[in-house]
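K.L.:
What follows is a single structure, and I will ask about it in a moment.
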Amino acid sequence: MQEWPRLLMAASVAWTGWAATSPAGAAEKPAEKPIVGIVIKTSTNPFFVKMKEGAEAAAARLGMELRSFAGKMDGDTDAQVTAVESLIAAGAKGILITPSDSRAIVPVLEQARAKGILVIALDTPLDPPSAADATFATDNFSAGKLVGEWAAKTLGAGAKSAKVALLDLNVNQISVDVARDQGFLQGFGVNVADPAVIGDEKDSRIVGHDVTLGNEEGGRRAMENLLQRDPYVSVVYAINEPAAAGAYEALRSIGRDKDVLVVAVDGGCPGVRNVKDGVIAATAMQFPLVMAQMGVEAVLKYATDGTKPKPSDGQDFVNTGVELVTDRPVPGLPSIGTDAALKKCWG
């Protein structure tokens, strides 16, 4: 996992920032610390809670002022736009954002960059990715591919006759959602028509796609919908572990919880415990706290000398790592067990 260089604050450096105590366009009062903003999708998803914690810890360590914002639910772009406008008015040095809609948020972020504010996308790339100065993220395609490969290897010859249900995020088809979905399909051995589009594959093994909003209730409802389409689903991919837990409950209600392979992406502690308990067969762990810490460090570096972060070798973003978690390892696919994963998980 790539580490962003650690930064030491020199006592002789004088910082100039702005306090967001008045409306946009009004005269602002200088602040003592450089402001960094973090705008997450929601304050209820443990992934984003851990991301905020990482940003808080890094800001405190580096002597920065953190201002945090969150949408009321996944997809609340209006709240994110308002948050960015507030940070622009405050004279923030940098904005870290997990966009609810990778396209719709771009215009206000362009306004921020025009003001000299460093914009870093966390976890979810913007559309286009160049709308951010940098992206710190999991390789979501690789994460999906890992659990897809694991499912195919686990089933062996049975993968050729599997019936696969895919539980995605929302109808917007944001980049992280598309990458995980298409990565899973490729890993499982499905030819995807357009890797930038969910649901256009022609493989007869695919029962269908439904959306979950990334929560347990949504996962249960989506699973019920797909079971009505085909009650003999044998493999379930879920965008995250809460959605996977909801799918499991729907399967359990019809006595199918023991014979369906459920996989997901995230690596939260509740999800890892669900892997340990057999609710989820495998998951791909990502590291939100690291993303946010590295993002705050990058903002300080930019505020200090104007340096912007560079992407990882061979990629167009800063790769913060991913690990396969399962207690049912398969040959040729590196993984860690749940005991080890519980020492690394979040939430």
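Note that the sequence shown covers residues -26 to -1, 1 to 321 in mature numbering (1 follows the signal peptide of the UniProt record, and there is no 0).
Positions of the beta carbon are idealized from the N, C-alpha and C atoms, including for glycine.
The model shown is predicted, which means the values in this text are computed figures rather than measured ones.
Count the C-beta pairs between the region 120 to 140 and the region 48 to 65 that are closer than 8 Å, then say yes if the count reaches three, no if not.
P.N.:
Touching, no.
K.L.:
Enumerate in chain order the residues of its own chain whose CB-to-CB distance from Val209 is below 6 Å, with the five nearest sequence positions on each side excluded.
P.N.:
Numbered from 1 along the sequence shown, position 235 holds the residue referred to as residue 209. If we look at Val209 and ignore the five residues flanking it on each side, its Cβ neighbours are Ala125, Ala136, Val138, Leu235.
K.L.:
Along the chain, where does the beta strand (DSSP E) that runs through Phe110 open and close?
P.N.:
Residue 110 sits at position 136 when you count from the first residue of the sequence shown. From DSSP, the beta strand (DSSP E) with Phe110 extends over 108 to 111.
K.L.:
Using the C-alpha atoms, what's the distance from Glu39 back to Pro8?
P.N.:
Working through the sequence shown from its first residue, we reach residue 8 at position 34. Working through the sequence shown from its first residue, we reach residue 39 at position 65. Rounded to whole angstroms, Pro8 to Glu39 spans 6 Å at the Cα level.
K.L.:
Hey, is Ala32 close to the ligand MG, as in C-beta under 7 Å from one of its heavy atoms?
P.N.:
Because no ligand of any kind appears in the structure shown, any question about the ligand MG cannot be addressed here.
K.L.:
With Phe158 as the anchor, note down where its alpha helix (DSSP H) starts and where it stops.
P.N.:
Working through the sequence shown from its first residue, we reach residue 158 at position 184. Start and end: 149 to 162.
K.L.:
Work out the CA separation of Gln156 and Pro216 for me, nearest whole Å.
P.N.:
As a position in the sequence shown, residue 216 is number 242, starting the count at 1. As a position in the sequence shown, residue 156 is number 182, starting the count at 1. When rounded, the distance between both Cα atoms is 20 Å.
K.L.:
Expressed to the nearest angstrom, what Euclidean distance is found between the alpha-carbon atoms of Gly47 and Gly118?
P.N.:
Here residue 47 refers to the residue found at position 73 when the sequence shown is read from its first residue. Here residue 118 refers to the residue found at position 144 when the sequence shown is read from its first residue. Rather than Gly, the amino acid found at residue 47 in this sequence is Met. Their Cα atoms are separated by approximately 24 Å.
K.L.:
Thinking Met197 and Ala221 are a contact (beta carbons under 8 Å), I'd like their distance in whole angstroms, please.
P.N.:
Reading the sequence shown from its first residue, position 223 is the one you call residue 197. Reading the sequence shown from its first residue, position 247 is the one you call residue 221. Indeed they touch by this definition, with Cβ atoms about 4 Å apart.
K.L.:
Under 8 Å, do Leu83 and Val121 count as touching if we go by C-beta distance?
P.N.:
Taking the first residue of the sequence shown as position 1, residue 83 is located at position 109. Taking the first residue of the sequence shown as position 1, residue 121 is located at position 147. Cβ atoms of Leu83 and Val121: not closer than 8 Å.
K.L.:
Below 8 Å between beta carbons: does that hold for Ala272 and Pro283?
P.N.:
What you label residue 272 is simply residue 298 of the sequence shown in a count that begins at 1. What you label residue 283 is simply residue 309 of the sequence shown in a count that begins at 1. A contact, by the Cβ cut-off of 8 Å.
K.L.:
Do the CB positions of Ala95 and Ala106 come within less than 8 Å of each other?
P.N.:
Start at 1 with the first residue of the sequence shown, and residue 95 comes out as number 121. Start at 1 with the first residue of the sequence shown, and residue 106 comes out as number 132. Yes, the Cβ-Cβ distance between Ala95 and Ala106 is below 8 Å.
K.L.:
Taking DSSP as the reference, what is the three-state secondary structure of Thr300?
P.N.:
Taking the sequence shown and counting its residues from 1, the one referred to as residue 300 is at position 326. Coil.
K.L.:
Please confirm whether Gly90 and Leu141 have their CB atoms less than 8 Å apart.
P.N.:
Walking along the sequence shown from the start, residue 90 turns up at place 116. Walking along the sequence shown from the start, residue 141 turns up at place 167. For Gly90 and Leu141, no; Cβs fall outside 8 Å.
K.L.:
Going by C-alpha distance, which of Gly311, Gly288, Pro262 is nearest Trp320?
P.N.:
If you number the sequence shown from 1, residue 320 lands on position 346. Among Gly311, Gly288, Pro262, the Cα nearest to that of Trp320 is on Pro262.
K.L.:
Under three-state DSSP, which class holds Leu100?
P.N.:
As a working mapping, residue 100 is identified with position 126 in the sequence shown. Correct three-state label for Leu100: coil.
K.L.:
On a Cα-Cα basis, can you pick out the residue from Asp75, Asp313, Pro308, Pro102 that is closest to Leu187?
P.N.:
Within the sequence shown, the letter at position 213 stands for residue 187. For the residues Asp75, Asp313, Pro308, Pro102, the minimum Cα distance to Leu187 belongs to Asp75.
K.L.:
So the alpha helix (DSSP H) Thr56 belongs to, where does it begin and stop?
P.N.:
Your numbering for residue 56 matches position 82 in the sequence shown. Element bounds for Thr56: 51 to 64.
K.L.:
Looking at Gly163: is its Cβ nearer than 8 Å to the Cβ of Ala212?
P.N.:
Locating residue 163 in the sequence shown gives position 189, counting from the first residue. Locating residue 212 in the sequence shown gives position 238, counting from the first residue. Contact flag unset, no.
K.L.:
Under 8 Å, Cβ to Cβ, is there at least one residue of chain D near Gly90?
P.N.:
In the displayed structure, chain D is absent; only one protein chain is listed.
K.L.:
Would the region 25 to 41 and the region 236 to 244 be scored as touching if the rule is three or more Cβ pairs under 8 Å?
P.N.:
Result no; under three Cβ-Cβ pairs closer than 8 Å.
K.L.:
From the DSSP output, in three-state form, read off Phe261 for me.
P.N.:
Taking the sequence shown and counting its residues from 1, one reaches residue 261 at position 287. Phe261 falls in the coil class under three-state DSSP.
K.L.:
Distance, Cα to Cα, residue 335 vs Ala255?
P.N.:
Since the first residue shown for the chain is -26 and the last is 321, residue 335 is missing from the structure and cannot be characterised.
K.L.:
How many angstroms separate the CA atom of Val80 from the CA atom of Asp233?
P.N.:
One-based indexing of the sequence shown puts residue 80 at position 106. One-based indexing of the sequence shown puts residue 233 at position 259. C-alpha separation (whole angstroms): 44 Å.
K.L.:
Using the Cα positions of Ala108 and Asp290, report the straight-line distance between them to the nearest angstrom.
P.N.:
Along the sequence shown, one-based indexing puts residue 108 at 134. Along the sequence shown, one-based indexing puts residue 290 at 316. Whole-angstrom Cα-Cα distance: 8 Å.
K.L.:
For Asp313, does the three-state DSSP call read helix, strand or coil?
P.N.:
Looking up residue 313 in the sequence shown gives position 339. Of the three classes helix, strand and coil, the one that applies to Asp313 here is helix, per DSSP.
K.L.:
In whole angstroms, give me the CA-to-CA distance for Tyr206 and Arg230.
P.N.:
Taking the sequence shown and counting its residues from 1, one reaches residue 206 at position 232. Taking the sequence shown and counting its residues from 1, one reaches residue 230 at position 256. Whole-angstrom Cα-Cα distance: 9 Å.
K.L.:
Look at the alpha carbon of Arg154 and the alpha carbon of Ile180, and state the distance between them as a whole number of angstroms.
P.N.:
Along the sequence shown, read from residue 1 onward, the residue named residue 154 stands at position 180. Along the sequence shown, read from residue 1 onward, the residue named residue 180 stands at position 206. Roughly 16 Å between the two C-alpha positions.
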